[in-house]
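Okay, so here's the structure we're looking at.
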Amino acid sequence: MSSNPLQIIDISQPEQATATKLLDAAREQGFLFVDGHDFTQEEVDLLFELSNRFFTTTPHEEKLKYFFDAVNNFGYTDFSSEQLDLTKGRDFKECYNFGSINFSNGTFNTPNPEAKVSSPEQNETPELLKNQSDLIVSILHKYHRVATEILRLITIALEIEDHSFFTAKMKPNQKNGCVMRFLRYPLIRDDDLQGDSTLDPTIRAGAHTDYGALALLMQRNGQQGLELQIDKTSEEWVKVPFVPPKYQGKAPPLVVNFGDMLSYWTNGVLRSTNHRVKFSPGETRTSDRYSIVFFVHPDANTTLDAVPSKIVEDASDGNTNPTLTALQYLQKRLKETYEWQQS
Ligand SMILES: O=C(O)CCC(=O)C(=O)O
Ligand SMILES: [Fe+2]
């Protein structure tokens with residue numbers, strides 16, 4: 001196993017020491033491994049098998065009927081339709097997003113009447129996935145639980161008096177942007193990047209930071225590829241290894257990163273770190289990379305005023321961030337991305 005640049009923090013351990021370690025990792029690296037979660041190896045295996053079955057047995061034209069709709073916030077994303085880093089070519093990956101999640105009644109992919117879908121299937125979940133809704137709902141609940149525990153520990157470390165400061169803004173039945181995403185990066189890249197020598201075909205997801213609050217990622221042994229720019233003073237990329245489970249029967253620790261929204265909300269105390277997925281030349285790689293990510297967003301109408309913490313206050317550069325809601329913040333970031341693409 002390659003060396004591990006990240007801390008492994010067990011959130012089932014005594015809270016004050018755990019909270020302090022969590023904040024240190026969030027400030028310094030923006031990424032860490034989280035252990036002490038509820039996921040079993042068995043259910044995570046079943047989830048990855050489901051993802052594998054969906055991507056490899058569904059005909060391409062069938063997948064396209066379920067194409068991602070941003071208003072619905074769920075569906076399929078095709079190869080080369082996302083480009084996280086414009087200088088490196090399009091991302092060679094396919095994804096399926098589960099969204100419109102209501103954590104209290106366990107529903108997901110609920111069609112939004114405002115979505116202007118071009119095929120009726122865009123309001124549906126593919127049969128193969130729908131048939132496994134018990135597994136999906138159980139996983140979504142566990143993801144929600146671990147995310148809210150991490151956010152509670154962060155309030156303790158930031159000395160925010162109200163330990164429900166973040167979690168109160170993630171009401172289980174409110175409109176939120178939380179998404180669970182299946183990703184597949186095929187081993188063999190069969191699109192055509194030959195025409196432009198400035199593009200790098202080994203990049204599978206271009207360098208980016210995540211927009212939301214937190215991302216919680218599951219990866220598989222032998223399918224690494226995630227790389228981070230941890231060192232603020234260099235352009236160096238470091239690889240994230242696979243870390244095996246610590247507890248018998250439990251799944252490996254989750255790779256957790258803090259997103260731009262939490263960074264904004266805390267005057268940059270929590271770091272949102274640049275990352276990418278790359279299949280490096282010369283690596284002995286025998287399979288596709290499958291990963292599963294849960295993106296955590298607070299409820300749409302949450303106002304992102306600086307959190308009430310002395311640590312956050314002390315980090316201020318004197319300029320007050322404009323008050324934005326979580327939804328406005330997301331729209332602003334998407335607009336910035338768009339403008340950057342125009343320049
Ligand atoms: O697949 C991975 O390891 C990373 C995915 C990712 O960074 C993203 O989807 O934002
Ligand atoms: Fe990401």
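Using the numbering used here, read the sequence shown as starting at 1 and increasing by one per residue. Where a beta carbon is used, it is the ideal one built from N, C-alpha and C, also for glycine. Predicted, not measured: the structure shown is a model, and the values here were computed from it.
Q. Just to confirm, are I154 and P5 a CB contact at a threshold of 8 Å?
A. Remark: C-beta atoms of I154 and P5 do not approach each other more closely than 8 Å.
Q | DSSP state of N221 mapped onto helix, strand, coil | A | coil
(Q) Could you tell me the alpha carbon to alpha carbon distance between W340 and E42, rounded to whole angstroms? (A) Per-residue confidence for W340 stands at a pLDDT of 47, beneath the threshold of 50, marking its modelled position as unreliable; the derived number appears in the next sentence. When rounded, the distance between both Cα atoms is 43 Å.
Q: Consider the C-beta atom of S291 and the heavy atoms of ligand 1; say whether any pair is separated by less than 7 Å.
A: yes
Q | DSSP three-state assignment for E283, whether helix, strand or coil | A | coil
Q: Taking Y185 and D288 to be in contact with their CB atoms under 8 Å, please state how far apart those CB atoms are, rounded to whole angstroms.
A: 6 Å
Q) How many angstroms separate the CA atom of R145 from the CA atom of S197? A) 45 Å
**Q.** CB of Q219 within 8 Å of CB of F182, strictly
**A.** At least 8 Å separates the beta-carbon of Q219 from that of F182.
Q) Are there 16 or more other CB atoms within 10 angstroms of the CB of G318, so buried, or fewer, so exposed? A) With fewer than 16 other Cβ atoms from the protein chains shown falling within 10 Å of its own Cβ, G318 counts as exposed.
Q. To the nearest whole angstrom, what separates the beta carbons of S119 and K65, a pair I think is in contact under 8 Å?
A. Taking the Cβ atoms as the reference, S119 lies roughly 5 Å from K65, within the contact range of under 8 Å.
Q: Return yes when at least one heavy atom of ligand 2 lies under 7 Å from the C-beta of H275, else no.
A: yes
Q: Give the straight-line distance between the Cα atoms of D258 and V269, rounded to the nearest whole angstrom.
A: A small fix is needed here, since residue 258 is Phe in this sequence, not Asp. Cα-Cα distance, rounded: 10 Å.
Q. Mind checking whether the beta-carbon of A25 lies closer than 7 Å to any heavy atom of ligand 1?
A. No - ligand 1 has no heavy atom lying nearer than 7 Å to the Cβ of A25.
Q. Who does S325 pair with in a DSSP beta bridge?
A. For the sequence presented, residue 325 should be read as Thr rather than Ser. DSSP lists T303 as partners of T325.
Q: Identify which residue in E127, P322 and Q223 has its Cα closest to the Cα of T284.
A: Q223
Q. In terms of alpha-carbon separation, which member of L217, W237 and P172 lies closest to I203?
A. W237
Q) How big is the Cα-Cα spacing for E336 and R271? A) 19 Å
**Q.** Helix, strand or coil at E124 [DSSP, three-state]
**A.** Three-state DSSP puts E124 in coil, outside helix and strand.
Q: Return the chain-ordered list of same chain residues with a C-beta closer than 6 Å to the C-beta of L262, the five sequence neighbours on each side being excluded.
A: A213 and L270
Q) Hey, would you say the C-beta of H163 is under 7 Å away from at least one heavy atom of ligand 2? A) no
Q | D200 versus L226: straight-line alpha-carbon distance, rounded | A | 16 Å
Q) Closest to T320 by CA distance: which of V296, N301, K332 and W265 is it? A) Relative to the Cα of T320, the nearest Cα in the group V296, N301, K332 and W265 belongs to W265.
**Q.** DSSP beta-bridge partners of N257
**A.** F31 and A215
**Q.** Alpha carbon of S291 to alpha carbon of F92, nearest angstrom
**A.** One C-alpha to the other measures close to 14 Å.
Q: Tell me the start and end of each unbroken beta strand (DSSP E) in the segment 160-188 that is at least 3 residues and wholly inside, in chain order.
A: 179-185
(Q) Please return the same chain residues whose Cβ sits closer than 8 Å to the Cβ of T286, not counting the five positions on each side in sequence. (A) L187 and G222
Q) What's the call for P298, buried or exposed, on a 16-neighbour Cβ count within 10 Å? A) buried
Q. Within the present structure, is the beta-carbon of R184 separated from the nearest heavy atom of ligand 1 by less than 7 Å?
A. no
Q: Note down the Cα distance separating S3 from P252, rounded to an integer number of angstroms.
A: 16 Å
Q: Entirely within the segment 39-106 and at least 3 residues each: give me those beta strand (DSSP E) ranges in chain order.
A: 75-77 and 94-98
Q: Kindly indicate which three-state DSSP category K332 falls into: helix, strand or coil?
A: helix
**Q.** Sequence-distant residues of the same chain with beta carbon closer than 7 Å to S280, five excluded per side
**A.** T202
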